[in-house]
Structure formats: C-alpha cells, structure tokens
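The opening position of the sequence shown corresponds to residue 1 in full-length UniProt numbering, with each subsequent residue numbered one higher.
Ideal Cβ positions, reconstructed from N, Cα and C, are used throughout, including at glycine.
Take a look at the structure set out below.
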Amino acid sequence: MSSRNMTVLIGMAFLVFLASNALYVINEKERGVLLRFGEVVNPDIQPGLHWKIPFVNNVRKFDGRVLTVDSQAERFFTQEKKALIVDSYAKFQVSDTAKFYTATNGEEARAAGLLAQRINDGLRNQVAVRTVQEVVSGERDQLMEDITLELNKVALSELGVRVVDVRVKKIDLPPDVSESVYRRMNAEREKEARELRSQGQELAEGIRAAADREVTVLTANAYKESEQIRGQGDAEATGIYARAFNQDPEFYSFTRSLKAYQESFTGQGDILLLKPDSEFFRYLKDPRGGK
1 MSSRNMTVLI
11 GMAFLVFLAS
21 NALYVINEKE
31 RGVLLRFGEV
41 VNPDIQPGLH
51 WKIPFVNNVR
61 KFDGRVLTVD
71 SQAERFFTQE
81 KKALIVDSYA
91 KFQVSDTAKF
101 YTATNGEEAR
111 AAGLLAQRIN
121 DGLRNQVAVR
131 TVQEVVSGER
141 DQLMEDITLE
151 LNKVALSELG
161 VRVVDVRVKK
171 IDLPPDVSES
181 VYRRMNAERE
191 KEARELRSQG
201 QELAEGIRAA
211 ADREVTVLTA
221 NAYKESEQIR
231 GQGDAEATGI
241 YARAFNQDPE
251 FYSFTRSLKA
261 YQESFTGQGD
271 ILLLKPDSEF
281 FRYLKDPRGG
291 K
C-alpha cells in the first residue's frame, strides 16, 4: 500500500471519528442540554439530529418521560399526636433541563432521592394539621392535592422537575398501637354482633308467634269446617235412615233386632239376664214380631 493511500485512509478515519463525535440524536423520549466546557449553552435541545464541536461541546441526555419515585414509609404524627405509618409515591417529569442538570448533575437517582425527602417533609406538614379520621378517609384526597401543589412549587424551583401527582399508597398504625386498636375494634364488632343477634332472636320470636297463631286459627277453622261437614253428613244419613224406615218400619225393626242379637252374643262367657217375655226376644218367638 502506497503512502498516498495510507494518508487517504487515515484522513477518512479521522473524518468518521469527527462525524461520530460531532453528530448526535435526541429522540422524542429524551431531554438534553448542550455544554461547552461544562457550561450550559443550550438548555433545551429539541428532538432530532444535531451537531456539536468535538472536544469542546458535550451533551447530557435525560429521560423526558414521567418517572416514579417511591418514598420509604415514614412515621408521621397527626393533630392529636397519634402516629401513622404513611407509604407514598410521586410521579415527576423533567421540566427545566438546565436547573435539573445544575441541581442533580443529571443523575435521576439523585433527583429521586431529593424529591423523596421533600415528599416526606410535605406529608409531615400536611398530616400534622389533620386528625386520623381526616388523613385516613375524610380529607385523604384533599391531602394529596395539597401536597402535590406544594411539592410542585418547591421541586420546580429547586430541582427543575414538575411533580405530576403524589399518592398515598398505604396508611398503617405503628405495631405498638395496632394491637390495642385491633382489640378495641374487635370489642366493638362483638358488641354489634350481640345486638344484631338479639334483634334477630326478637324478630324470630315474633315470626314464630305469628306462625303459631296462624296454625291455631287454621286448625280451629278446619275443625269447625269438618264438624259442619260431619253434621251435614249425619243429618243427611239420618234423613236417609228415616226415609228407609218409613218405607218398611217392620223390616227396619227386624234388622235392628238382628244386629242387637249379634252384638249381644258375640262375646264368650257373657251373661245376659232378661225376662222371658221381654221385647228383646220378640223376633225369636215370632218371626213376624208378634203380629
């Protein structure tokens, strides 16, 4: 290889090296600042292809998306001086790239740590002016709105980030308080359960008494109706017997006598004392009954 060709290759390699160090790309998910010997000269580089002066300019890129900082659970005291363990997180986004670079040196972990400290300070102030009931349920949404608004002002002026939202994930009682609260809640629930059982028993007794009364009324009405039907049947049977008797009184008297004989002489060892001329033996003496 000739010296000329070698010079050309070295020149091309140098140009490629310069191009690789002079050109850079900022995509839509990134934010960047252009530095000149460590000084910010362009605090907001737009997405696209850009160039810089090698060895003079430097580019620092940051994530431009909404990021999450998860704070450690901390113990805070309410207005009644009661301790609560509050676990929270925040959503933030780089807004002022120059201030963000100056305050954090462009390190997201450092920014998250500083923001977590400010979140805990803000929560401590907000919880301190509220009661336990307000923190847990009554004004929980208002608390998160207030801390978001307050923290956004501080974070934007000090760190160059915009706080999108602050949320309380969980609120717990300290371990030394949880047991006493649990016992009190258990006693209250047992009291409520006893009251509900008492009300249920009272209601059951009322239902049972109403059912017994209804059974008694239905039984009485059924007995009354059955007696009326039985009386009607007996009356109808008596009428039939009377009409049959009137058709042939002598035959009816004869059948009654036979039935009386049958019932009288059915038993064994029975003694029947009657006069010989008793009417009981009328059909035994004379089949016509003495006519």
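Residue i, buried or exposed, once every other Cβ within 10 Å from all chains shown has been counted against 16
| i | result |
| --- | --- |
| LYS81 | exposed |
| VAL166 | buried |
| VAL94 | buried |
| ASN27 | exposed |
| PHE62 | buried |
| ASN152 | buried |
| THR255 | exposed |
| residue 323 | The structure shown does not extend to residue 323, since the chain is modelled only from 1 to 291, so the question has no answer here. |
Selected residue, minimal CA-CA separation from residue i, among the options
| i | options | result |
| --- | --- | --- |
| ALA103 | LEU258, ALA260 and VAL40 | VAL40 |
| ILE147 | VAL132, PRO174, LEU159 and LEU115 | LEU115 |
| VAL154 | GLU139, ALA242 and ILE119 | ILE119 |
| GLY122 | VAL168, LEU218 and PHE251 | VAL168 |
| GLU74 | ARG31, ASP172, GLN201 and ARG208 | ASP172 |
| LEU23 | ALA237, VAL132 and GLY48 | GLY48 |
| VAL33 | ASP70, VAL59 and PRO54 | VAL59 |
| PHE76 | ASP70, GLY233 and LEU84 | LEU84 |
Per-residue DSSP class, three states only, for residue i
| i | result |
| --- | --- |
| ALA73 | coil |
| SER257 | helix |
| GLU28 | coil |
| GLY200 | helix |
| GLU231 | Before going further, note that residue 231 is Gly rather than Glu in the sequence given. Three-state DSSP puts GLY231 in a helix. |
| GLU39 | strand |
| VAL129 | coil |
| ILE45 | coil |
| ASP172 | strand |
| PHE251 | helix |
In DSSP terms, what residue i is bridged to
| i | result |
| --- | --- |
| THR68 | LYS91 |
| ARG194 | According to DSSP, which records beta bridges pairwise, ARG194 is partnered with nothing at all. |
Expected contact under 8 angstroms - CB spacing of residue i and residue j to nearest Å
| i | j | result |
| --- | --- | --- |
| residue 293 | VAL127 | An answer regarding residue 293 cannot be provided, because it is not within the stretch 1 to 291 covered by the chain. |
| PHE100 | VAL161 | 6 angstroms |
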